[in-house]
Every structure is written in C-alpha cells, then in structure tokens.
Amino acid sequence: MAARLPSWTWVSGLTAGATAAVIALAVQAEHGPHPTAATARPGASASASAGAHASASPKPSGPPALPQLSGTGRRIVYSVAAQRVWLVDATGKATRTFTVWPGTVSPQPGRYSVIKRAAGLKGSDGVQIEHVMYFTVVSGVNIAFSNALDGASPPPANGLKTGGIRLHKEDGAALWAFGDLNTGVTVVR
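Those letters in the sequence shown? Residues -29 to -1, 1 to 160, per mature numbering (1 follows the signal peptide of the UniProt record, and there is no 0), in order.
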C-alpha cells in the first residue's frame, strides 16, 4: 500500500506554487508598459461605474456653499469659523465668495448692517487700509471689513485687540462696490 502524504506537504506545495505564480506575474508587469498620469485617467466608459465608487472619486473643487440660515435677500455673509465672506444678491444667490484674515476680536453671530464707510485710513495695527466698512462694535473694538492699501495680509497682532477683517485687495474693492450704508451683514459661526 502506498504511503499517504501528510496534509502540511500539500499546503506547502500549493503555497510555493502560488508564490511562484505571483512572482512570475510581477516580473511580467515590471517589463510591460507603465501608465502615465495622462493615460491613467478614466475615460467616458469608466465614468459610468464611477458612481458606484463615489468615495474613491475626488471631491468637487467649487467654492463652499452659502451657510444655512444666513438670512434672505441682498446681504454680506461672514463665517467666523470658515474665515470666509459671501456676497449675496437679492435673489439669495452668492455672486462672490472669498477668504479673509480675521482680527483678534470677533463679532457674535447675528444680523447687522453697514453703519459707516471710510475710503481709507490707518488701521489699529498701524497699516494703511482702504474700503473700510464698519458694522458693529465689540467691547469697544470696531469690527469692520477692509483691505491693506498694498493688499498684504495683516501683521501679527502682538497682543493688540483688532477688529479688522482683512481682505485681499481685489476682494476689498468688490465688497466696497457691493456694500452701501445699511447693507445687511449676517455673521455665522
């Protein structure tokens, strides 16, 4: 009668065979063509199955949506947490959005309106600013949108209480053109 092989022999043989097959395939792949970034993009045929793998697809790169509960009508919306402003037309559509540099003193969430405008002056941080639009006061500190005359970001506050919400120069010009006296300002977290 023939001797029976132990089961570990069979398992070892199958494992060795599978390892050899994987190595052979890896060697073949190494010598084959390599896709570049331009050819690795999915084509029209791959886009049909992209919906099934939504978590693997990149996120849309559009601007952030207007915050919920930010009011109605024509207004300026400022998100303290997102450090972002939206200019909203009378239909409720955001016509422009941009990031800002907040001051060290932040306004509380709520509804305000532009109470004063100044074409240009020196900010509390000593920087020449323009397109200044005040909308509230917090603990004696004026809170206003503005941009530096040279368009630069604000210097470190070094312990100063500053209420200036600084904008890029082109955004400051757009906000100045958009917001007159009494234009609504909604502040959200």
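Don't be surprised by glycine CBs; every beta carbon is placed ideally from N, CA and C.
Using a 10 angstroms sphere on the CB of ALA119, the tally of other CB atoms reaches 16 or more, which defines it as buried. GLN(-2) sits in a helix when the DSSP states are folded into three classes.
Across the set ASP121, ASP60 and ALA128, the C-alpha of ASP60 shows the shortest separation from the C-alpha of ALA148. Burial check for GLY94: the Cβ neighbour count within 10 Å reaches 16 or more, so the residue is buried. Burial is judged here by how many other beta carbons sit within 10 angstroms of a residue's own beta carbon; VAL112 has at least 16 and is buried. With 16 or more other Cβ atoms inside 10 Å of its own Cβ, PRO78 counts as buried. Our two residues, ILE47 and PRO38, have alpha carbons roughly 12 Å apart in a direct line.
Using a Cβ-Cβ distance cut-off of 8 Å, the region 82 to 89 and the region 124 to 142 are not in contact, since fewer than three pairs of beta carbons, one from each stretch, lie closer than that value.
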